[in-house]
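Heads up: the sequence shown begins at 50 in the numbering used here, then just goes up one per residue. Below is one structure, written out as structure tokens; comments come after it.
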Amino acid sequence: MNFKPSLWKILVSIIIGGLISLWNYAANIFGDLIKEMPSLGTSILIILVSAVIVYIIWSLFQRK
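So, in structure tokens, the structure goes:
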């Protein structure tokens with residue numbers, strides 16, 4: 050079994066998801082959460098959620 054492609058997918062997904070979510074959506078969708086929650090915890094939560102979404106989309110496109 051070769052795990053390198055999966056590791057690269059996860060790494061790139063975290064980077065892409067983190068950048069997209071923090072700059073485009075954090076101020077709008079998560080604005081209220083950021084005001085109520087610690088900024089570090091909120092940032093990590095947003096990055097993880099968006100990374101999972103990007104990873105799923107990427108996997109679906111590679112299967113076609």
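For glycine and all other residues, C-beta sits at the position ideal for the given N, C-alpha and C.
Could you check if residue 103 is buried or exposed, using at least 16 other CB atoms within 10 Å of its CB as the buried criterion? buried
Keeping to the same chain, check which residues put their C-beta closer than 8 angstroms to that of residue 58; ignore five residues upstream and five downstream. Taken in chain order, the residues that qualify are 104, 107 and 108.
So residue 96 packs on residue 66, CB below 8 angstroms; how close in whole Å? 6 angstroms
Excluding the 5 residues preceding and the 5 following residue 100 in the sequence, name in chain order all residues of the same chain whose CB lies nearer than 6 angstroms to its CB. Cβ neighbours of residue 100 within its own chain (closer than 6 angstroms, five residues either side excluded): 62, 63 and 66.
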